[in-house]
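Written below as structure tokens is the structure these notes are about.
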Amino acid sequence: MAALENILYGANLSNILSAHKNTVLDVLAWMPYGVTHIGAPFVVSGLMFVFGPPGTLPVWAKAFGYMNLTGVVIQLFFPCSPPWYENLYGLAPANYTMKGNPAGLAAIDKLFGVDLYTSTFIASPVVFGAFPSLHSGCATIEALFMSHLFPKLRPLFVIYFLWLWWATMYLSHHYAVDLVAGSLISAVAYFVSKGTFLPRLQPGKMFRWDYDYVERGEPIDADAPYGLTDIEEYLLPDSDEWTIASGSSLSGNNSREPSIGMRSPGAGDNWDGDTLASSSDHEDHKL
């Protein structure tokens, strides 16, 4: 991932951001990475239940779960080392006997005099699970769902998302490539949910109890050009008339509806126009 990041971005962004450390920056990075990341899913779930239309919470929970499941599967089948490994071992080949490392979070243990993150990361069963970043994935999908629910607060959610991106690289836990991959997985999960399953917000409704009915998925835009409806109307200008004409031509005179479009003379019809027989009679008179 370090080589890929150098190719894509021209530098190792994690090493650049973590080159200068101090206590204030350590705490600023720890807050989203080690605190809000843990509690944010529960807070978002509560807000989805109270302020979202009925059915919003299950859609959020499934999208969040599938995003995490996809990320873990990729981590297991495509193991990648985090930046701290390169900083400690360089380009030496990795193996699964190596222990994890808290990297920048070791400063938090030292600051508070605890052994929380050091012992946790050393005992981690997935040492080389940096790609994709589930920290980034969680922050992205939380920001997207919260922006859907509270669109006026979207700048606040974007700031939190960018804050966590910075924190993961400052703490030497993820490359920028890992963050982009996690966000892409979350974006796919969100937009699939929004287009098909997510209940729509209705104007003037604030709480779930205000909704009398629920509409799901993206609304159909009647003014959208070249839509399927427009094509059908172009090919079949009036579907009702086409259906009546087809039914009357098949059912003959048994249809109670008047035939519109194609007509054929039959018994009981007052046919005012010319027929093949009448035109041939005119020709015989001329002869």
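With the first letter of the sequence shown counted as 1, position 107 gets the number 1348 in the numbering used here; the numbers rise by one all the way through.
Positions of the beta carbon are idealized from the N, C-alpha and C atoms, including for glycine.
Leaving aside the five residues that flank G1296 on each side, the residues in its chain whose CB is nearer than 7 Å to its CB run, in chain order, P1440, V1455. DSSP lists G1370 as the beta-bridge partner residues of C1321. A contact is defined here as three or more CB-CB pairs under 8 Å, and the stretch 1391-1408 fails this definition with respect to the stretch 1310-1318.
By the Cβ neighbour-count rule, T1264 is exposed, with fewer than 16 other Cβ atoms within 10 Å of its own. Rounded to whole angstroms, G1287 and E1383 show a C-alpha spacing of 12 Å. In the displayed model, P1460 falls within coil according to three-state DSSP, outside both helix and strand. Counting only residues of its own chain and dropping the five nearest sequence neighbours on each side, Y1358 has a CB closer than 8 Å to the CB of G1275, P1343, L1346, A1347, I1349, D1350.
Sequence-distant Cβ neighbours of V1300 in its own chain, meaning closer than 6 Å and more than five residues away, are S1434, F1438, L1439. In this structure, the CA atom of S1322 is about 22 Å from the CA atom of P1273. Shown here for A1408: same chain residues with a beta carbon closer than 6 Å to its own, the five before and five after excluded, namely A1270, P1273, Y1274 in chain order.
Segment contact: the stretch 1421-1435 against the stretch 1325-1335, fewer than three CB-CB distances shorter than 8 Å; contact not assigned. By the criterion of a C-beta distance shorter than 7 Å, T1277 is surrounded by no residue of its chain, once the five residues flanking it on both sides are discounted. In this structure A1417 is buried. Its beta-carbon is surrounded by 16 or more other beta-carbon atoms within 10 angstroms. Taking the Cβ atoms as the reference, L1420 lies roughly 5 Å from S1374, within the contact range of under 8 Å. According to DSSP, residue pairing for P1294 in a beta bridge does not occur. In this structure, the alpha-carbon of D1267 lies about 8 Å from that of L1412.
Contact annotation, L1254 with M1410: C-beta distance approximately 6 Å; criterion of less than 8 Å satisfied. With respect to G1312, I1426 sits close: the two C-beta atoms are nearer than 8 Å. Under a 10 Å Cβ-count criterion, F1283 is classified as exposed, with fewer than 16 other Cβ atoms of the shown protein chains found around its own Cβ.
Collapsing the DSSP output to three states places P1392 in a helix. Taking 8 Å as the cut-off, the Cβ atoms of G1370 and M1308 do not count as close.
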